[in-house]
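Read top to bottom, the protein sequences are chains A and B.
Last residue of the first sequence: 797 (my numbering), numbering continuous.
Last residue of the second sequence: 797 (my numbering), numbering continuous.
Down below is the structure, laid out as structure tokens.
Number of protein chains: 2
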Amino acid sequence: MVFGNKGNGCATGVGFTRNPGTGENEMFGEYLTNAQGEDVVAGIRTPKPLQKMQEEMPEQYAQLVALRNTLESHYREVQDYEFTIEKGTLYCLQTRNGKMNAAAMVRTSVDMFEEKLISREQAILRIDPELLEQLLHPRLDPDSTTSPIATGLPASPGAASGKCIFDADLAEKLGNAGEKVILVREETRPEDIHGFFAAEGILTSRGGKTSHAAVVARGMGKPCVAGAEGIVVDVCLRQAHIGEKVLHEGDVITLDGATGMVFEGALPTLAAHFSDELKVLLGWADEIADLKVMANSDTPAAAEKALEYGAMGIGLCRTERMFNASDRLPIVIEMILADTEDDRKAALDRLMPIQRADFIELFSVMSPRPVTVRLLDPPMHEFLPTEHQLLEQIETLRLYRDVVRGRQVALATSATMTELPHPFSELSEEFVNEALTTKERMLKKVRELQEVNPMLGHRGVRLGITYPEIYEMQIRAILEATVECAKQGISVQPEIMVPQVITAQELSNVKRTVDSLTRQLEKDFGKKLRFKFGTMIETVRACTRAAQLAENVEFFSFGTNDLTQAVFSFSREDAENKFLPMYNDSGILQDNPFEVLDIQGVGQLIEMAVTNGREQRKDLKIGICGEQGGHPDSIRFCHQVGLNYVSCSGPRVPIARLAAANAKLRE
Amino acid sequence: MVFGNKGNGCATGVGFTRNPGTGENEMFGEYLTNAQGEDVVAGIRTPKPLQKMQEEMPEQYAQLVALRNTLESHYREVQDYEFTIEKGTLYCLQTRNGKMNAAAMVRTSVDMFEEKLISREQAILRIDPELLEQLLHPRLDPDSTTSPIATGLPASPGAASGKCIFDADLAEKLGNAGEKVILVREETRPEDIHGFFAAEGILTSRGGKTSHAAVVARGMGKPCVAGAEGIVVDVCLRQAHIGEKVLHEGDVITLDGATGMVFEGALPTLAAHFSDELKVLLGWADEIADLKVMANSDTPAAAEKALEYGAMGIGLCRTERMFNASDRLPIVIEMILADTEDDRKAALDRLMPIQRADFIELFSVMSPRPVTVRLLDPPMHEFLPTEHQLLEQIETLRLYRDVVRGRQVALATSATMTELPHPFSELSEEFVNEALTTKERMLKKVRELQEVNPMLGHRGVRLGITYPEIYEMQIRAILEATVECAKQGISVQPEIMVPQVITAQELSNVKRTVDSLTRQLEKDFGKKLRFKFGTMIETVRACTRAAQLAENVEFFSFGTNDLTQAVFSFSREDAENKFLPMYNDSGILQDNPFEVLDIQGVGQLIEMAVTNGREQRKDLKIGICGEQGGHPDSIRFCHQVGLNYVSCSGPRVPIARLAAANAKLRE
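Written out as structure tokens, the structure reads:
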């Protein structure tokens with residue numbers, strides 16, 4: 131806030147037509163009486179709040195109120211203005227549109243509409259959808275902020291506190307032991323990646339918003355402050371210098387990824403805030419937009435969250451997330467280890483009622499909105515421990531067996547012994563032998579399932595075709611849940627979606643199972659089952675064969691994560707961790723294509739698929755469920771090519787809703 | 131050969147207008163005098179060669195010669211005919227086009243043209259290009275064939291002998307110990323893959339030409355006989371039954387992948403045979419075809435071989451194959467392990483003259499034909515040992531260090547000790563320590579470079595941009611070799627090719643280096659350097675951005691192996707080993723897209739890139755250098771979309787030359 135030495139009248143000051151912190155419609159600003167420029171520069175005098183002027187200079191205050199009202203009704207936007215009062219006369223020195231935080235932008239939008247200053251359309255267009263991000267992550271409590279000890283670039287939003295740790299190994303060790311840590315590095319490199327997983331947030335003293343640290347942190351959804359150049363990290367001495375201040379390893383700091391500020395100690399944070407005004411604004415957006423906004427949610431709890439964010443349905447439910455819950459994983463592993471189809475079916479028979487119950491609950495929560503369930507996608511080895519883990523476990527178990535057998539081995543020398551889960555005395559030789567047998571079977575299976583490039587391996591519909599009993603179980607669970615909901619009078623719109631499709635033959639193969647189960651269930655139930663059958667479009671070949679695929683399905687959903695990987699031949703994990711930051715920094719690529727849809731490459735294929743698909747089937751419902759579905763520029767593209775919906779992670783839903791309206795209004 | 135009981139005249143027989151084994155223009159056939167059908171069926175009487183008739187029945191023999199000539203000049207094709215002679219009169223019972231082996235087809239084509247029976251075009255069109263495969267692999271010596279003990283499907287061409295081994299583990303063990311083994315299984319599965327690597331050939335008793343065994347063997351270029359149903363494999367007893375015969379594990383057998391026959395013992399094989407007639411025929415093909423045929427060759431020796439096959443240049447020289455030679459690998463590893471750019475440059479400075487010498491030799495061998503050199507493509511970890519190998523080596527070295535330090539450790543219990551390379555007494559503690567340090571550095575680097583999906587990772591031009599000094603070294607070596615050849619008066623056409631490109635910015639980045647080195651060398655040399663700069667089109671994005679890429683380059687080369695992986699989202703190694711055989715068997719996919727170009731998917735992208743690329747640059751030279759470049763159907767497609775050349779492995783060059791002419795003639 132700058133007070134110019136503008137005239138030597140009785141007062142000079144600055145005002146905001148509304149409160150830029152909250153958006154409240156009130157007189158807001160400060161002034162100094164008899165001020166000289168030097169007074170302000172020297173910081174000798176404290177300015178007074180504008181309200182004070184009402185007592186001190188009531189006449190001029192009334193003029194100021196009138197000025198404020200005139201400014202806003204003229205510009206139809208919150209104004210940041212400067213004034214001076216000379217010899218009792220108010221002069222407006224300058225005015226400009228005011229910069230506000232997200233909460234204030236939202237509130238002023240709604241208020242100004244209600245005051246008939248702006249239209250609903252203007253209320254929406256004046257807010258950059260990306261700004262809402264501020265409202266959707268934990269943030270620092272504004273009432274308890276102190277001065278930052280350093281400031282860098284706001285590289286990944288959110289706020290986090292923890293002990294500052296100067297290398298990834300120690301960060302991992304402490305993080306795994308349950309401590310909250312902030313990884314602090316001059317800059318990060320691919321070999322630091324394990325430290326990212328363990329840390330609450332990342333702070334670097336070098337690098338920009340597309341640096342390794344920034345890109346990887348955003349990918350993981352962790353707060354990051356990058357390029358805080360005031361910090362000098364000395365890994366050898368395990369300390370960092372900020373001017374005169376010394377930060378020792380283990381000292382607690384707090385990062386604010388939304389502003390780039392770094393604070394000492396653990397500051398209180400606030401959960402994401404969803405105000406009434408935001409609800410009103412997004413309600414308008416929904417009425418204006420053509421695109422529907424769905425959420426990617428895998429569990430009933432996540433679905434409830436998504437509803438709070440205003441999701442109009444679930445565009446992607448990844449059934450494998452259901453498999454990973456601790457009560458199911460052992461059955462899934464049993465299914466994978468099965469040597470015969472019968473054993474596999476026995477395990478699947480036990481999984482089926484669990485999945486069915488999941489779906490009943492999910493459909494009920496979302497009733498009457500659509501829920502798109504994707505059949506199993508990841509390769510089976512993802513459900514098993516790694517080879518490395520198993521080798522360690524087996525080694526431990528063997529030592530353990532020797533012990534329970536009473537053999538004399540040099541126990542004291544074995545580091546692994548300390549990790550044994552139980553006191554020796556409690557376990558029998560049989561128990562250990564059985565555990566060993568299981569682990570050895572798992573190891574054999576893990577080796578059998580090993581893949582060179584799992585992203586391009588035995589997954590998706592390829593699994594569904596080589597092991598048809600898996601998809602059959604899932605389809606049955608979905609359809610039986612549909613029947614059950616119908617019986618309970620719950621209106622549901624289930625959609626069955628097949629992943630990784632490359633050819634129409636795969637779809638007809640799966641559809642045969644769907645049709646036969648449907649016939650069977652409809653016969654028992656006595657009524658028609660209402661659901662949709664559709665396909666992910668996430669391989670390039672699916673785009674080139676869209677017309678043929680459309681013959682068999684009622685909807686397409688673009689999986690733009692996988693599609694981007696295929697179009698660029700970039701594995702996301704490897705690219706973001708290795709060369710993508712450098713590509714962005716040097717301008718070879720403008721954006722990270724995993725965050726912002728690549729219109730020149732991926733977009734071309736999407737257009738091809740939309741055109742060919744709709745030529746075959748006019749009423750084909752088409753959406754996108756990749757991560758880019760929550761990004762405003764990508765949403766604009768989706769609107770332009772005529773998609774019906776976007777689906778994104780729950781917290782991005784409000785941004786997507788606003789962006790969808792924005793895209794329509796900017797048509 | 132069937133002798134019907136056709137009339138009871140004085141003779142009955144069958145003839146081939148030419149020798150179906152060699153193609154020689156001679157009377158060929160057999161006859162029986164006074165034959166009854168039963169005589170033949172019972173096998174009691176041995177038929178006589180047709181020549182014998184000249185003595186026995188000279189008049190009828192003359193009629194037969196006339197008949198033979200009439201048949202051929204009428205049908206203009208070698209005829210397989212049956213005749214009978216009744217009461218001195220020759221009757222032709224039936225005739226049809228004769229089936230011949232590849233050598234005979236080629237010879238008769240050339241002979242019939244020279245005899246003016248057929249045109250050159252007809253001479254070419256009557257031969258299925260794929261048939262030449264028979265002539266381009268080692269094959270059994272036809273003079274020493276015996277009766278097969280079993281027959282299956284000819285699933286992958288070539289001939290091989292070895293001990294029959296019934297499981298992959300033993301096959302691997304013996305194979306690695308230098309024994310020649312044939313892996314014999316009821317059917318193979320992904321977990322047998324290590325046995326494939328170790329075996330000379332694969333024999334299965336179940337499964338078709340698209341079974342796992344067949345697909346994987348073809349991928350590796352190893353002979354395979356699949357589905358030899360007469361063989362019953364008993365892994366427990368380590369033996370196989372063929373009718374009454376018992377084959378014990380370790381017995382030597384011979385496979386003929388071209389015919390599907392299995393023989394006892396080791397039969398002599400002949401190297402691939404390139405006859406004069408084949409040379410003549412392919413010469414005609416070259417004159418007719420629009421497409422040029424290049425070879426994928428990486429070394430001067432391979433280039434010489436390719437010239438023998440008639441390659442018109444090298445369409446793909448993979449420089450990394452040069453890096454793998456034992457005199458270079460240590461320098462390459464040094465380069466990879468370098469901690470600083472200076473250290474990396476020092477290693478590259480040592481590699482440069484070696485690469486330059488390679489190129490001078492390669493260019494000279496191929497002079498004056500074009501040689502397309504692809505800059506480094508694979509990820510750097512491919513040049514290092516695996517993590518597993520290094521862990522074993524480090525463990526061994528640690529034990530060894532303990533020993534040379536004179537510590538008392540339980541040596542006898544350590545299995546790894548037996549693998550130590552030298553007697554203990556010869557090595558110093560310093561030596562071992564140094565080795566340990568190097569291996570530990572390598573392990574650290576290997577872990578740092580680890581990738582989740584290496585196919586989609588830090589490779590190709592991404593390496594060239596993140597480590598510009600690597601591409602600079604290679605470009606310098608190519609250009610200096612060009613200067614050196616020019617100085618020696620050797621006419622060369624070098625082409626520099628950039629792999630894995632996704633955007634025009636990558637190309638301009640590399641081109642800056644090319645331009646600056648060119649200017650510098652031209653200044654010293656005093657003459658213009660003539661070479662081409664081009665790009666692989668092997669990512670999907672390169673296809674969508676072809677117009678922009680064409681601005682910077684003079685040629686495109688489609689890398690259809692990688693492009694197919696990207697279009698299908700199939701990793702070749704994982705797909706062929708896991709689900710592709712099942713996809714082919716069940717008709718979900720007609721072909722293996724890594725062998726036969728997928729026109730509906732990959733082909734669409736190729737067409738898009740050709741159209742857009744040539745719109746930008748009319749004279750753009752375009753070719754294909756994936757494995758499909760040697761497949762006739764794919765070549766036909768390449769011709770149809772207007773490519774300038776195909777490049778394939780040396781032994782496929784003759785097939786490609788014939789197929790290119792074929793495509794032109796069938797336009």
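A virtual CB, placed ideally from N, CA and C, is assigned to each residue, including glycine.
Checklist line | Assigned secondary structure, A/G733 (DSSP; H/G/I helix, E/B strand, else coil) | finding: Against the first sequence, residue 733 of chain A aligns to sequence position 603. DSSP places A/G733 in helix when its eight states are reduced to three.
Margin query: Closer than 9 Å between beta carbons: that is the criterion. Which residues of the region 591-606 of chain B meet it against chain A?
Written below: R592, L593, I595, T596
Note to self: Any beta carbon of chain B sitting closer than 9 Å to that of A/A425?
What the structure shows: The residue you call residue 425 of chain A lines up with position 295 of the first sequence. With 9 Å as the cut-off, A/A425 does not count as an interface residue toward chain B.
Notebook entry, point to check: A/R782: buried (16+ other C-beta within 10 angstroms of its C-beta) or exposed?
Noted result: On the first sequence, position 652 is the one that residue 782 of chain A refers to. Looking at its Cβ environment, which holds 16 or more other Cβ atoms inside 10 Å, A/R782 is buried.
Item checked: Straight-line Cα distance separating B/R589 from A/I332 -> Your numbering for residue 332 of chain A matches position 202 in the first sequence. Your numbering for residue 589 of chain B matches position 459 in the second sequence. Their backbone Cα atoms lie some 28 Å apart in a straight line.
Note to self: I'd like to check one pair, B/L710 with B/S764: are the Cβ atoms closer than 9 Å?
What the structure shows: Translated into positions along the second sequence, residue 764 of chain B becomes position 634. Translated into positions along the second sequence, residue 710 of chain B becomes position 580. Not a contact, by the Cβ cut-off of 9 Å.
Checklist line | Alpha carbon of B/A672 to alpha carbon of B/E450, nearest angstrom | finding: For this step, residue 672 of chain B is matched to residue 542 along the second sequence. For this step, residue 450 of chain B is matched to residue 320 along the second sequence. Cα to Cα, the separation comes out at about 22 Å.
Check: Which of the three DSSP states, helix, strand or coil, is assigned to B/Q580?
Finding: Taking the first residue of the second sequence as 1, we reach residue 580 of chain B at position 450. Three-state DSSP puts B/Q580 in coil, outside helix and strand.
Checklist line | 4-residue-minimum alpha helix (DSSP H) runs that sit fully inside the region 419-507 of chain B, ordered along the chain | finding: 430-438, 449-453, 459-467, 471-496
Note to self: Assuming contact is defined by CB atoms lying nearer than 9 Å, are B/A790 and B/L421 in contact in what I supplied?
What the structure shows: Numbered from 1 along the second sequence, position 660 holds the residue referred to as residue 790 of chain B. Numbered from 1 along the second sequence, position 291 holds the residue referred to as residue 421 of chain B. For the pair B/A790 and B/L421, the CB atoms are nearer than the 9 Å cut-off.
Check: CA-CA distance, A/I785 and B/E321?
Finding: The sequence position of residue 785 of chain A within the first sequence is 655, counting from 1. The sequence position of residue 321 of chain B within the second sequence is 191, counting from 1. Taking the straight line from one Cα to the other gives about 48 Å.
Next item on the list: Can you give me the Cβ contacts of B/A634 inside the same chain, cut-off strictly under 8 Å, excluding the 5 residues immediately before and after it?
Entry: Walking along the second sequence from the start, residue 634 of chain B turns up at place 504. Counting only Cβ-Cβ distances below 8 Å, and skipping sequence neighbours, we find R675, Q678, L679, E681, N682.
Check: Is any beta-carbon of chain A found at less than 9 Å from that of B/Q523?
Finding: Mapped onto the second sequence, residue 523 of chain B falls at position 393. No, B/Q523 does not count as interfacial toward chain A.
Note to self: With a threshold of 9 Å between beta carbons, is B/K708 in contact with chain A?
What the structure shows: Within the second sequence, residue 708 of chain B is the residue found at index 578, counting from 1. B/K708 counts as touching chain A.
Checklist line | Where the beta strand (DSSP E) through B/D120 begins and ends | finding: Within the shown structure, residues of chain B are numbered from 131 to 797, placing residue 120 of chain B beyond reach of any answer.
Item checked: Option in B/L467, B/V346, B/T276 with minimal Cα separation from B/L573 -> By 1-based counting over the second sequence, the position of residue 573 of chain B is 443. Closest option to B/L573, Cα to Cα, is B/L467.
Next item on the list: Can you give me the start and stop residues for the beta strand (DSSP E) that A/S779 sits inside?
Entry: The residue labelled residue 779 of chain A in the question sits at position 649 within the first sequence. From DSSP, the beta strand (DSSP E) with A/S779 extends over 775-779.
Note to self: Just verifying my parser: in three-state terms, what is the DSSP assignment at A/L283?
What the structure shows: One-based indexing of the first sequence puts residue 283 of chain A at position 153. The answer is strand: DSSP assigns A/L283 an E or B state.
Check: Taking just the CA atoms, how far does A/D692 sit from B/E581?
Finding: Residue 581 of chain B sits at position 451 when you count from the first residue of the second sequence. Residue 692 of chain A sits at position 562 when you count from the first residue of the first sequence. Going by the C-alpha atoms only, they are around 17 Å apart.
Checklist line | Listed by chain order, chain A residues near B/G337 by CB distance under 9 Å | finding: Indexing the second sequence from 1 puts residue 337 of chain B at position 207. Per Cβ cutoff of 9 Å: no residues; B/G337 is ~15 Å from chain A at best.
Item checked: Per-residue DSSP class, three states only, for B/P509 -> Looking up residue 509 of chain B in the second sequence gives position 379. DSSP places B/P509 in coil when its eight states are reduced to three.
Next item on the list: Below 8 Å on the Cβ atoms is my guess for B/E359 versus B/S341; work out the distance and round it to an integer in Å.
Entry: Looking up residue 359 of chain B in the second sequence gives position 229. Looking up residue 341 of chain B in the second sequence gives position 211. Contact flag wrong, Cβ pair sits at about 12 Å.
Notebook entry, point to check: Given 8 Å as the limit, is there contact between the region 279-297 of chain B and the region 379-395 of chain B, that is, 3 or more CB pairs closer than that?
Noted result: yes
Item checked: Any alpha helix (DSSP H) of 4 or more consecutive residues that is wholly inside the region 237-313 of chain B -> 250-255, 298-306
Check: Of all the beta strand (DSSP E) runs that stay within the bounds of the region 596-642 of chain B, which reach a length of 3 or more residues?
Finding: Those beta strand (DSSP E) runs which fall completely within the region 596-642 of chain B and span 3+ residues are 623-628.
Notebook entry, point to check: Does the distance from the C-beta atom of B/I323 to that of B/N707 stay below 9 Å?
Noted result: As a first step, residue 323 of chain B is located in the second sequence; it is residue number 193 there, counting from the start. As a first step, residue 707 of chain B is located in the second sequence; it is residue number 577 there, counting from the start. A contact, by the Cβ cut-off of 9 Å.
Check: A/M585 touches chain B at which residues, Cβ-Cβ below 9 Å?
Finding: Residue mapping note: residue 585 of chain A aligns to position 455 of the first sequence, counting from 1. Those are V582, N583, M585, L586, S699, S701, listed as they occur along chain B.
Checklist line | B/Q224 versus B/L521, B/F213, B/L773, B/V311, residue with shortest Cα-Cα distance | finding: Taking the first residue of the second sequence as 1, we reach residue 224 of chain B at position 94. If we check each option's Cα against that of B/Q224, B/F213 comes out closest.
Next item on the list: Determine which residues of the region 604-636 of chain B have a Cβ less than 8 Å from any Cβ of chain A, and write them out in chain order.
Entry: Q630, I632, T633, Q635, E636
Notebook entry, point to check: Excluding five sequence neighbours on each side, which residues of the same chain lie with their C-beta closer than 7 Å to the C-beta of B/N426?
Noted result: The count along the second sequence starts at 1 and reaches residue 426 of chain B at position 296. Cβ within range, chain order: G445, L446, C755, S777, C778, S779.
Item checked: Span separating the alpha-carbon of B/P430 from that of B/M496 -> The count along the second sequence starts at 1 and reaches residue 430 of chain B at position 300. The count along the second sequence starts at 1 and reaches residue 496 of chain B at position 366. Going by the C-alpha atoms only, they are around 9 Å apart.
Margin query: Against B/P320, what residues of chain A qualify as contacts under a CB-to-CB distance less than 7 Å, listed in chain order?
Written below: Stepping through the second sequence from its first residue, residue 320 of chain B is reached at position 190. Contact annotation for B/P320 against chain A: E578 [CB-CB distance below 7 Å, chain order].
Item checked: 6 Å CB neighbourhood of B/H403 in its chain, flanking five on each side removed -> Locating residue 403 of chain B in the second sequence gives position 273, where the first residue counts as 1. The residues are L265.
Next item on the list: Would you list, in chain order, the members of the region 717-728 of chain A that have their beta-carbon closer than 8 Å to a beta-carbon of chain B?
Entry: Answer set for the region 717-728 of chain A: G717, I718, L719, D728.
Checklist line | Among A/P259, A/S239, A/D258, A/S646, the one whose alpha carbon lies nearest that of A/R250 | finding: Translated into the one-based positions of the first sequence, residue 250 of chain A becomes position 120. Among A/P259, A/S239, A/D258, A/S646, the Cα nearest to that of A/R250 belongs to A/S239.
Note to self: Taking only three categories from DSSP, how would you classify B/K575?
What the structure shows: The count along the second sequence starts at 1 and reaches residue 575 of chain B at position 445. B/K575 falls in the helix class under three-state DSSP.
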